[in-house]
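Structure first, commentary second.
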Amino acid sequence: MIDETLAVHTAACAEIVRRHDRERYLVSIFAAPDLRDGLFAVLAANHEIAKTAEVVSEPTIGMIRLQWWREAFEGIEAGTPRAHEVVLPLARLADRHPDVLDDLRRVVDAREADLSGDPAADLDALERYAGATGGDVTVAMARVLGADTAMARELGTAWAMIGLVRALPTLMSGGRAPLPASLLEETGITLSRIKDMPASVDLAPLCRPILERGRAKLQAARSDPALRHRSARVLRLLAARAQDLSATLARAGDDPRSPAVTDIPASLAWRHAVRSAWFRLG
Numbered sequence: 050m051i052d053e054t055l056a057v058h059t060a061a062c063a064e065i066v067r068r069h070d071r072e073r074y075l076v077s078i079f080a081a082p083d084l085r086d087g088l089f090a091v092l093a094a095n096h097e098i099a100k101t102a103e104v105v106s107e108p109t110i111g112m113i114r115l116q117w118w119r120e121a122f123e124g125i126e127a128g129t130p131r132a133h134e135v136v137l138p139l140a141r142l143a144d145r146h147p148d149v150l151d152d153l154r155r156v157v158d159a160r161e162a163d164l165s166g167d168p169a170a171d172l173d174a175l176e177r178y179a180g181a182t183g184g185d186v187t188v189a190m191a192r193v194l195g196a197d198t199a200m201a202r203e204l205g206t207a208w209a210m211i212g213l214v215r216a217l218p219t220l221m222s223g224g225r226a227p228l229p230a231s232l233l234e235e236t237g238i239t240l241s242r243i244k245d246m247p248a249s250v251d252l253a254p255l256c257r258p259i260l261e262r263g264r265a266k267l268q269a270a271r272s273d274p275a276l277r278h279r280s281a282r283v284l285r286l287l288a289a290r291a292q293d294l295s296a297t298l299a300r301a302g303d304d305p306r307s308p309a310v311t312d313i314p315a316s317l318a319w320r321h322a323v324r325s326a327w328f329r330l331g
């Protein structure tokens, strides 16, 4: 009965990731079968943590929700995991890779910034945030895969920074504009203008410095020999996809409002399959 319950929860994690983090879902399915469940547990937990600011009505409630996750991690470590569809698969994973809990703790801590609504002070602060969210999640993925964690942190930070730019139109439509205050000051663009008249804002001057940081991180990860190790094939697919997005943004003049930037191609899984086969041969 316990194994049946865990199987149901494991399937629920995979479905959460498929629906809400499709890009990383599509690379995770190319992991070895015995590793996929661990990846889905990490990514499902990340989604549940990351969505906090979107589902609460006030910051205090968000802080309570984040604290729930901290206590859930403590329960896993104490051997008394909460009966939750994401927590139980995460507990199974933590039996083999206990450090993933510390990775996710850093994600929880970083997500407190989402509740304040205040922008990062500057690009350095934004990079630290990206490192503590996308970076630490990718580190947790690397632990599951047995891949290099330093390379994974660079890749995950790049993924988060490029992803922020890609998601900017959606964030703006929801009244959010997580752009560094220093960039707003340099360009003379105000948050109120972004929120009230988004169509009048030239996004490229705001996005380009962020993308330059993300591209530098991506280049560092792609140049790392650890990315070519067979244990890192899933991460190599993620890096290739990040490069695709970076190139698409460049062709659009670094303006994320281009449909080519926001759309996920129907053929993406096939593209990953071809690349995965090529990586095995290379």
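Take 50 as the starting number for the sequence shown in our numbering and just add one per residue. Even for Gly, the Cβ is constructed at its ideal location relative to N, Cα and C. It should be emphasised that the depicted structure is a prediction, and the values quoted were computed from it without experimental measurement.
Query	Result
Could you pull the start and end residues of the alpha helix (DSSP H) that Ala189 belongs to?	Asp185 to Leu194
Look at the alpha carbon of Pro227 and the alpha carbon of Ala169, and state the distance between them as a whole number of angstroms.	7 Å
Quick check: the Cα distance between Leu164 and Glu107, rounded to an integer number of angstroms?	8 Å
Do you know offhand how far Pro218's Cα is from Asp86's?	32 Å
Starting from Met221, follow the alpha helix (DSSP H) in both directions and report where the run begins and ends.	Thr198 to Ser222
Give every residue of the same chain whose Cβ lies closer than 8 Å to the Cβ of His96, excluding the five residues on either side of it in the sequence, and list them in chain order.	Ile65, Val66, His69 and Asp70
Checking 9 Å against the spacing of the C-beta atoms, do Asp185 and Val156 come in under that value?	yes
Does the distance from the CB of Asp304 to the CB of Leu220 come in under 9 Å?	no
Looking at the unbroken alpha helix (DSSP H) that takes in Met112, where does it start and where does it end?	Pro108 to Ala127
Within 10 angstroms of the Cβ of Thr182, are there 16 or more other Cβ atoms? Answer buried if so, exposed if not.	buried
Can you tell me where the alpha helix (DSSP H) with Ser165 in it begins and where it stops?	Asp148 to Ser165
The alpha helix (DSSP H) with Pro138 in it runs from where to where?	Val136 to Arg145
Determine the direct distance from the alpha carbon of Ala159 to that of Ile259, and round the result to whole angstroms.	18 Å
With a Cβ-Cβ cutoff of 9 Å, do Leu150 and Leu139 count as a contact?	yes
What does a CB cutoff of less than 7 Å around Arg306 pick up in its chain, not counting 5 residues either side in sequence?	Pro218 and Leu252
Could you tell me the alpha carbon to alpha carbon distance between Met210 and Asp83, rounded to whole angstroms?	30 Å
Hey, how far is the Cα of Pro254 from the Cα of Leu286?	29 Å
Return the Cβ separation of Met200 and Ala301 in integer angstroms, given the expectation that the two are a contact with Cβ distance under 8 Å.	In fact, because the Cβ distance is near 28 Å, the residues do not count as touching under 8 Å.
Mind reading off the beta-carbon distance from Ala81 to Cys62? Whole number of angstroms is fine, and I expect it under 8 Å.	At roughly 17 Å, the Cβ-Cβ gap does not stay under 8 Å, so Ala81 and Cys62 are not in contact.
With contact counted as at least three CB pairs below 8 Å, one residue from each stretch, are the region 229-241 and the region 307-327 in contact?	no
Where do the N-terminal and C-terminal ends of the alpha helix (DSSP H) with Arg257 fall, by residue?	Ala253 to Ser272
Taking contact to mean at least 3 C-beta pairs separated by less than 8 Å, is the region 172-179 in contact with the region 119-137?	no
Give a yes or no on whether the C-beta atoms belonging to Leu276 and Leu204 are separated by under 9 Å.	yes
Using the three-state DSSP reduction, which class does Pro130 fall into: helix, strand or coil?	coil
Beta-carbon separation of Arg192 and Asp152 under 9 Å?	yes
First and last residue of the alpha helix (DSSP H) that includes Val91?	Pro82 to Ala99
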